[in-house]
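Visitor: Residue numbers (this note's numbering): 26 to 282. Every residue gets a Cβ at the ideal spot worked out from N, C-alpha and C, and that includes glycine.
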Amino acid sequence: MPQAEGTVSPLLLVVDDEPELRSLLAEYFGRHGFRVRVAEDAAAARLAVVEQTPSLAILDINMPGENGLSLARWLRESHPHIGLVMLTTASESVDRIVGLELGADDYLPKPFDLRELLARIRAVLRRTAAAAAPLPPAPAPAAAASVHAGPRRVPFGACQLDLDERRLLGADNTDIEISAAEFDLLALFARNPNRPLNRDQIMEQAHNRGWDVFDRSIDLRVMRLRRKIERNPDKPELIKTVRNVGYVFVPANAPGT
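1. With 16 other CB atoms within 10 Å as the buried threshold, where does residue 238 fall?
2. Residues in the same chain with beta-carbon distance under 7 Å from residue 264, minus the five sequence neighbours each way, listed in chain order, please.
3. Between the alpha carbons of residue 182 and residue 53, how many angstroms are there, rounded?
4. Out of 134, 179, 244, point me to the one whose CA is closest to residue 218's CA.
5. Nearest by alpha-carbon distance to residue 42: which of 225, 69, 221 is it?
6. Compute the beta-carbon to beta-carbon distance between residue 79 and residue 36, rounded to the nearest angstrom, for a pair I have assumed lies under 8 Å.
7. Compare the beta carbon distance of residue 242 and residue 130 with 8 Å and say whether it is the shorter of the two.
8. Let's see if you can read the secondary structure: which residues bound the beta strand (DSSP E) around residue 264?
9. Run through DSSP, which three-state label would residue 34 get?
10. Of the residues 127, 142, 128, which one's Cα is nearest the Cα of residue 134?
11. Assuming the contact rule is C-beta atoms closer than 8 Å, residue 92 and residue 83 should be a hit. Round their C-beta distance to whole Å, please.
12. Among the residues of its own chain, which have a CB less than 6 Å from the CB of residue 128, if the five just before and after it don't count?
13. In angstroms with no decimal places, state the Cα-to-Cα distance between residue 55 and residue 61.
14. According to DSSP, residue 39 sits in a beta bridge with which residue or residues?
15. Can you tell me whether residue 153 is buried or exposed? The criterion is at least 16 other CB atoms within 10 Å of its CB, across all chains shown.
16. Closer than 7 Å by C-beta to residue 124: which residues in its own chain qualify, once you throw out the five before and the five after it? Chain order, please.
17. Quick one: does the C-beta of residue 42 sit closer than 7 Å to a heavy atom of the ligand FAD?
18. From residue 50 to residue 74, what does the alpha carbon distance come to, in whole angstroms?
19. Sort 113, 223, 67, 185 by Cα distance to residue 198 and report the nearest one.
20. Are residue 253 and residue 193 touching if we call contact CB-CB under 8 Å?
21. Hey, how far is the Cα of residue 33 from the Cα of residue 59?
22. Within 10 Å of its beta-carbon, does residue 137 have 16 or more other beta-carbons around it, so buried, or fewer, so exposed?
23. Here's a check: name, in chain order, each residue in its chain whose Cβ is nearer than 8 Å to the Cβ of residue 104, leaving out the five neighbours to either side.
24. Let me confirm a value: residue 67 is counted as buried when at least 16 other C-beta atoms fall within 10 Å, else exposed. Which label applies?
25. Return the CA-CA distance between residue 109 and residue 202, expressed in angstroms with no decimal places.
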């Protein structure tokens, strides 16, 4: 992936206890235009992040000592804008679900195809770059009304989803931290108010990862979002469960609410 002159390639951090895999990924991603740092365990990864923050971290879950889930939790709390891709084994479905609940952007089971991992990394980087992109200069006051009335914001109860800036704002207009995947899910609901969406539709339109329809990752993301936007997450009023179907976004000003 050639870089435009004057731009800096994204920095990837590969964290895995297998030396052969670290070398393979470093060489492969280097050939595709990325800068790469490697770490053999969580302790080395923490040092690497402190020295230079990566654009994205690729974390093996099953490592000796501190595992990838603990490292993912620290990264999400201390560096929320870093992309996170988890590497799992076929027997680690519970760990995969926990990783997604911690805020991982994607996962890939071992053994994996290098081209698929590269495609997923590029997709996560596109989402995180869009979320962090600076706003364009504001138009002059006289021309502002002719450009647009203001940012596109969708109310979610006391919160507002800013579709232009990819932000979730609280009642006091401060940012509420959400991952790129959580934003995509809220944006999908915003585009389909009062329309029940089944898991197939959500998988296809908000995830684009080909997960099994019975995967609990959607339920876990909805649960996390309810904690952020609902007055009472145990009795949701905005994102409601539709039994045997999926979920529906009911705007606060909708009839009957």
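Guide: Taking the definition as stated:
1. For residue 238, the predicted structure reports a pLDDT of 38, less than 50, and the residue's modelled location is therefore unreliable. The matter cannot be settled from this model.
2. 214, 247, 250, 251, 272, 274
3. 46 Å
4. 179
5. 69
6. 4 Å
7. no
8. 264-267
9. coil
10. 142
11. No, residue 92 and residue 83 are not in contact; Cβ-Cβ is about 15 Å, not under 8 Å.
12. 101, 204
13. 7 Å
14. 63, 83
15. buried
16. 86, 94, 97, 111, 132
17. The ligand FAD is absent from the structure shown, which contains no ligands of any kind.
18. 18 Å
19. 185
20. yes
21. 9 Å
22. exposed
23. 74, 78
24. buried
25. 15 Å
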